[in-house]
Structure formats: C-alpha cells, structure tokens
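**Q** I have a structure I would like to understand better, so I am pasting it below and will then ask my questions one at a time.
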Amino acid sequence: MKKLFSILKNRRMQYILIIWILLLKAVEITTNLLSEVELIRFFSVLGFSDLPGTSLAVWNTLFVATVFWLIYRLLRDVFQISFVPKPLSKKEMLSLAILLIWVISVVASSLQFASLVTMPLANPELEVSRYYAPFGMENGDSSQYVKLNNLEGNNVALDLSKSIFADPFSVYMSGEMSQYATNVGTSYFTVKNSSLGQKMIEMRFCGNGSDKIGGWFAYRVALQDPLQINENATLMLLLKLTPSSDETAWTYIKIDFLSKEGKAYALTWKFHDVFMNYVFSSHNGTRNNYLLGRATDWVFFNLT
Amino acid sequence: MRAYLESYKKLIAFGLMLRFAICFWTGHPWDFEVFIRVGYYIAHGSSLFQAANPYVAGLGQPIFPNMSGLGYLPAWGLYTAFAYKIYQAFPASPFIYYFLLKLLPILGDLALAYVIFLLTFNSTHDVQKARRNSLIFFLCPFVIFISSVWGMFDSISVSFAMISILLTLLDKPYWSAFSLGLGIYFKVIPLLYLPVLLLFINKKKGAGETVLYFLVSSLTPFVFTLIPVTFFRWSIPEAAITVLSQTEKTGDLLTYWNISVLLRDLAPNVFSTETLTSFFSFPIIRYFWMLGLMVAYFLYYKLQTELPDDSTPAQNLNLLLKGFLFVTIGFLLTRTWVPEQFVIYLLPMAVMLTGVMPVQKYYELIWINALIFASVNLFPFAFAYLINTDFWNMFNYVANTQPSSTIRYVARFVIAVFFDYYLLKFWFKMVKTP
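Chains as they are written, first to last, in this note's numbering: chain E, 1 to 304; chain F, 1 to 434.
Here it is in structure tokens:
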C-alpha cells in the first residue's frame, strides 16, 4: 500500500493517469460522434452510452476532478505557482465542511431543477423500436414504405426499406417484394397469428450470412394515433430475437405514457446480447428501465 | 558440435511428431468447433463474419447447436476455408480436416523456434545458446498444448511480431512493418507492439521512416482485409466489428479479475450478474489495460533514452525484447479478460531474456501456472470431445455442480493470482536489471 501511494505521488505517474482519463473521455466523445455516421456507427460499442445513470455521474465527476487535477499540476510544474494552505483551526475546518456541503447541495438541486424544466413531455405516440442499420444489405429507397394490408384496426406503417422478407409482402407503391433471405437465422418481418389468434408482427435480425447477409437492420413502427390505455390494459411484447455474432447487438423498446393530468411516464425494455438482467428506476420513479440480456432465460423483476 | 546439431534436429523433429500425434483428435470444444464450422461455411460461400454457425453433420460435434462466428480479421477464417477445401478434395476422414486446421499453428510454433534461434544467434553469435532458447520454447508443454491440443493460432501472430523484430535489427524496417502488419492480420494483439517499434525506428532512423513504418504496418492488415471483403462482397462494418468485439468483457479467465466469477458463485444475490456487468463496464475498469499499456510505453521510452547511439545488436535486441515484454505484461496485468493463449505472446521474448538476466525461474513459473490454469478451467479430457461428446458432458457436469464448481472457481482464482504475481516479479526484475 505504501509502495502504491509512493507511485501515485510520482509526478510522471500522475500525468500518465491524467492522460489516461482524458483519453477515455476522448474515446467517449469520438464514439458518440461516430455513432451518427451510417457506415461506422458500430464503433459506438466502444463508448459508454450504455452506462447506468449512477455510473455515468461518477464517471463525469471523475473526469471533472481530473481536469482540476491537471490544472493544479500545470500551475505547479509549468507556471511554478504552488499553493501552500495555511493550517486551519477546528472552527475553520467545520466552517469549510459546512460550506462544502452547502455547495454540493446547491449544485445537486440546480441539476435536478435543470433536468426537470428541460425534460420533454412524453410523446403520446407508441414508439416501438429503433435499431442500427443493417450490415451487408443494399439500402433501397429510404422513402419506400410498406403497408401491412392484412393488419386491420390500427393504421400501422412500417419503414422496411432496410429489411429482408422471408415471405412475399404486399409492398405499398412498389408491388411484391420477393424473398431473398436465408432459411436459417435470417432477418425478416412477417405477420403471424399468435397462440391467442391475434395477428402479430414477427421480427428477426442477424442473417447467418450464407447469402452474404448478416448483422443488424433498422426499422421503425409508429402508430398514427395514440392508444387509449386504462389501468387494466395488458401490454404484450411479441419479440423473436436472434443473438449477433459478437455479442454487441442491442435493441430497445420504449413506451411513453401520458396521463390525463399530463404527467409523463416511460417504460423501456432494452435487450442485449450479453447476459444481463436488471431494472432501474429514474426520474422519481416515472421512468422504469428493464435491461435484459441473451435471447433466452429472461426473467422479469417487479419494480416496487 | 555436429553431434549436438544432430540431437537438436532430432529434438525439433520429436517436438513436431509429438504435436502431429496429438493434434488431429483434440481441440477446444468451443474455439476449435467454431473453426471447424466457419471453415465449412466460408468454403460454401458464406460471409466470414456470419452471425450463427449451426452444426454441420459429420464435422465436429453437435454439443453446441449454434455457435457464433470469428472475432478476428479475415486471415484465420480464410485459412480454415482453405483447409476445408483441401479436405473436400480428399474427404477420407474429418480427422484430415482437423489435422489441417492445426497444421498452421504448429508451423507457427516451428517458425517461432527458428526466429528465436536467429535472434539469439545474431545477438550472441553463440549457437549453443541459440539452440537452447529455441528448444526451450519449442518443447515447452504449454506451447505444445495451445497449438496442437487447443488449436489456437496465436503462434502465427507472434511469429510475425518476432520476425518484425528480426527485420528491424537487420535494418529492413519496411519488411519489418509488413511482417507486423501480417501479425495484426491474424490477431490484433501485435498492434500493441507498434508504438515500441515506432519509438525504436524514430531513434534509429528519424521521423520520416517512422511515419512510413506506421503506414506500412497499419495499411497491411487494412488492405488484406479489404481485398477479400470486396472480392467476396462481405460487409466492411461486419469485418471491423470483429475487432471491437473483444473490448467489453467482464472479468474472467487467467487474471485476478476472475474473482468476480467466484464471488458470483458464492453470493449470487450480492454479486449479481447485473452488478458485475455495471462494474466491468465502468470506463476506468473496462479500459484499465490502456493505463497498463501507457505505463509500459513510458518505461520502454525511459529505457530507450539510455541506449547509446552506437548500440550493439545485443543491446538493441534486449531493448526491444524488454519493450515487448513490458507491453505484454502490462496488458495481461490490467485487462479484465485474459484467455490462456495470450501467454504465448510472452514466452518467446521471455525465453530470450533468460540468458541475459535471472528470470528463468519466473519464465517457468509463468507457463506452468498458465498450463495448470488451462487444465482447471477446462479439464484436459474435455479436449478429446471430437472422439466422444461424453468427455465434454462429464466436464460440463462437474464444472456446474456443487461443490466441485466452487472448488474449481477457487482454484482458478488462486492460480491466476500466482500467475499475476510472477508476472509482476518478472516485470520488476526487468526494471531493476540494466
């Protein structure tokens, strides 16, 4: 322990640590930027966008502390300015501690207030999912929409321009789309009847590549009008997920609710390839997140 | 001398024969099975990076109905397809295919033994020392185990990295860069050695040559990846994502971080999977290895500043070996997920230093620990799964049944701690010995 402390006191070692933290921040910023670029958005797996809120707060605090540390070191080593604090009396120490606690509570309250006033109101639309763009697929006309004619009741429009179909679909404005997917592990949408006789959309992703198609694909399902939900409503998620080759795939389903009083709630299910199984609640319990991993053995926990 | 040469050749031949004798009926139940299937699917026109590889009747074993693809750049995948094509021409027995899959890693061992010989001889002009180092490495049970039993091909990657040292010392920097690039093309790990070689080239040749070295070494794997990807119309993002697949791993295998698995086994409610996942995805834990590498590069740079301008080949070699070892040990000590085969990146450099500084004991303890760990992590009989799936089933039962599962996790942790302790000892020995 003594040896470790002496290593940390070493000026060069401190610079190495500072550069390391700054590099990690650079990784975070770069991966965030790269995630916006179509061809290389998979680089986002190197970033920290999936960190839980608490971890993210700790990480950002650590980064800010490192910046202050760097400023301190530069002041001492480059500008030869050193601070030698005079010894404090017990009374002064107590005052300083109270001042520190006050500053921290003011900052925390300000942050909470800022997040409350800037928080967008819940969108009443049922946003079902968002995916990454596919690998190895020819992107068609992005304005091409597919209407599921045999889904009656709800006006559902699917942007399937980047998807592959196992079964021929009636494609709105462009006729039939022929099958060109594989038999195993292919990516497609199809309409099937559930065991209860309901029509459901079955979605798969990650082609097995035997036809040079593999990886993820993108689609969006949006309802034209909000669904009216009462307290007894049952929501069913009918998903069929196939894991990716490298355990980096993920997707999420987010449902926003708007109460009659205008209060917004959100439920998010995030599915990962790697094993995980936990829930967390944020924003005073109005946002509940279920993080689940692996295509099998999912277990739901109740949020209390 | 002639008699010694004869026995040297005999010992090399013995090492080869031993490898050939055990290679065609053994393999790692996951890794080798993936290679078997990937070779089949690529040979039949699939993408190298396809998501799922279902069992192929008549090849390997169906213990895993569906397996993931490769996490490497295309070199190894292309070789597996090549091996399958040869087997297809002479389909007498699938064991021929398994033999061909193991052949290249075995040749990698042989190439490494030869490069160790050349490097030692060039710096010492002592043929006996060169043969000694070469034989110590080639007959090392751990090296034999990784290539001919496990079926892992890291020896090829290390061979190219070591050839890059040899070519640098022979004043052929561009060929050295090309060789390092080929090493990266097989496995990305040699990329970690690039800064060491760049610093060395910069000192000896100047900035211009350093930039060229960087370009050749980084463009080689890039271009060689682009060629098959374009020719076979594989997706570039797919090829690139395989490189990234190794970045997010929870603590496991040959590292003290495997305590997480033990803790989860002992107290699953406290150390739940989600808690551990959160912990290991935290930036400074996930990228702890980056700090290890930075310290290694810094130490190397400090050593290099002490190198005289008219340094001898022996001094140059020792400096580069130390640099490579700093990087490898720094990486192994800080990465949260260390598969056993990574030890192969350590042994060739370490064996050459045994003649220069008193590290022979640590060299031996390191590979012995790694071999024991590999045997505890996956019991040796499980590597015979190609003969009978019950070998795997037996292991699977014992490894997942109390109390043997907990005993196994404890043993894994203890061995890994000893392994890391010896790595640290080796590291400090290098720092202290001029």
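Note that CB positions come from ideal geometry on N, CA and C, so glycine has one too. Since the structure is predicted, the reported quantities are computational estimates derived from the model, not experimental observations.
1. Put Asp309(F) into one of helix, strand or coil per three-state DSSP.
2. Starting from Ala57(E) and walking both ways along the alpha helix (DSSP H), at which residues does that stretch end?
3. Counting Cβ pairs closer than 8 Å, one from the region 289-303 of chain F and one from the region 320-330 of chain F, do we hit at least three?
4. Along the beta strand (DSSP E) that carries Thr268(E), what are the first and last residues, could you check?
5. Which residues of chain C have a Cβ atom closer than 8 Å to the Cβ of Leu291(F), listed in chain order?
6. Hey, could you find the ends of the alpha helix (DSSP H) Asp50(E) is sitting in?
7. What does the alpha-carbon distance come out to for the pair Thr401(F) and Ser44(E)?
8. Give me the DSSP bridge partner(s) of Trp337(F).
9. Whole angstroms is fine: what's the gap from Tyr97(F)'s alpha carbon to Leu320(F)'s?
10. Mapping the DSSP letters down to three states, classify Asn289(E) as helix, strand or coil.
11. Quick one: list the residues of chain E neighbouring Val439(F), beta-carbon separation under 9 Å, in chain order.
12. As a quick exercise: from Ala266(E), Glu261(E), Lys260(E), Gly262(E), pick the residue whose alpha carbon is nearest that of Lys254(E).
13. Indicate whether Tyr174(F) and Leu212(F) have their beta-carbon atoms separated by less than 8 Å.
14. Leaving out the 5 sequence neighbours to the left and right, which residues in its chain are closer than 6 Å to Phe391(F) when beta-carbon positions are compared?
15. Whole angstroms are fine: how far does the CA of Asn289(E) sit from the CA of His272(E)?
16. Along chain E, in chain order, which residues have C-beta atoms closer than 7 Å to that of Val295(F)?
17. Just reading off the alpha helix (DSSP H) that Trp175(F) is part of, what are its end residues?
18. Anyone know if the C-beta pair for Thr66(E) and Ile18(E) falls short of 8 Å?
19. Run the CB neighbour count on Tyr507(F), radius 10 Å, all protein chains shown included, and call it buried at 16 or more, exposed below.
20. For Leu292(E), count neighbouring C-beta atoms within 10 Å of its own C-beta (all shown protein chains included) and say buried if the count is 16 or more, exposed if not.
21. Below 8 Å on C-beta distance, what does Phe68(E) contact in chain F?
22. Out of Arg287(E), Leu88(E), Glu92(E), Leu22(E), point me to the one whose CA is closest to Leu62(E)'s CA.
23. Among Pro348(F), Tyr79(F), Phe153(F), Ile201(F), which residue has its Cα nearest to the Cα of Leu135(F)?
24. From Tyr297(F) to Leu33(E), what distance separates their C-alpha atoms?
25. So, with DSSP's three-state summary, where would you put Ile387(F)?
26. Rounded to whole angstroms, what is the Cα-Cα separation between Trp102(E) and Gln80(E)?
27. With distances taken between CB atoms, is the gap from Trp20(E) to Leu424(F) smaller than 8 Å?
28. Does the beta carbon of Pro85(E) sit closer than 8 Å to a beta carbon anywhere in chain F?
29. Counting only C-beta atoms, is Ala33(E) closer than 8 Å to chain F at any point?
30. Does the pairing of the region 150-160 of chain F with the region 278-287 of chain F give three or more beta-carbon distances under 8 Å?
31. Closer than 9 Å between beta carbons: that is the criterion. Which residues of the region 261-286 of chain F meet it against chain E?
32. Against Trp59(E), what residues of chain F qualify as contacts under a CB-to-CB distance less than 9 Å, listed in chain order?
33. Tell me the DSSP secondary structure of Val279(E) in three-state form.
34. Does Phe271(E) come within less than 8 Å of chain F when only Cβ atoms are used?
35. What did DSSP end up calling Leu258(E) once you bin it into helix, strand or coil?
36. Please determine, among Thr433(F), Met352(F), Phe342(F), Leu365(F), the residue with the shortest C-alpha to C-alpha distance to Asp126(F).
**A** Let me lay it out:
1. coil
2. 53-77
3. yes
4. 264-272
5. Checking the listed chains, one finds no chain C in this structure; the protein chains it contains are E and F.
6. Where Asp50(E) is concerned, there is no enclosing alpha helix (DSSP H), given that its DSSP letter is neither H nor E.
7. 38 Å
8. Asp252(F)
9. 38 Å
10. strand
11. Any question about residue 439(F) goes unanswered here, given that chain F covers just 1 to 434.
12. Ala266(E)
13. yes
14. Phe381, Ala382, Ala384, Tyr385
15. 13 Å
16. Ile16
17. 173-186
18. yes
19. Chain F is shown only over 1 to 434; residue 507(F) falls outside these bounds and no answer can be derived.
20. buried
21. Within chain F, no residue comes near Phe68(E); the closest Cβ sits about 17 Å away, beyond 8 Å.
22. Leu22(E)
23. Pro348(F)
24. 28 Å
25. coil
26. 32 Å
27. no
28. no
29. For the sequence presented, residue 33(E) should be read as Leu rather than Ala. No, its Cβ sits nowhere closer than 8 Å to a Cβ of chain F.
30. no
31. Ser272, Thr273, Glu274, Thr275, Thr277, Ser278, Phe279, Ser281, Phe282, Pro283, Ile284, Arg286
32. Phe282, Pro283, Ile284
33. strand
34. no
35. strand
36. Met352(F)
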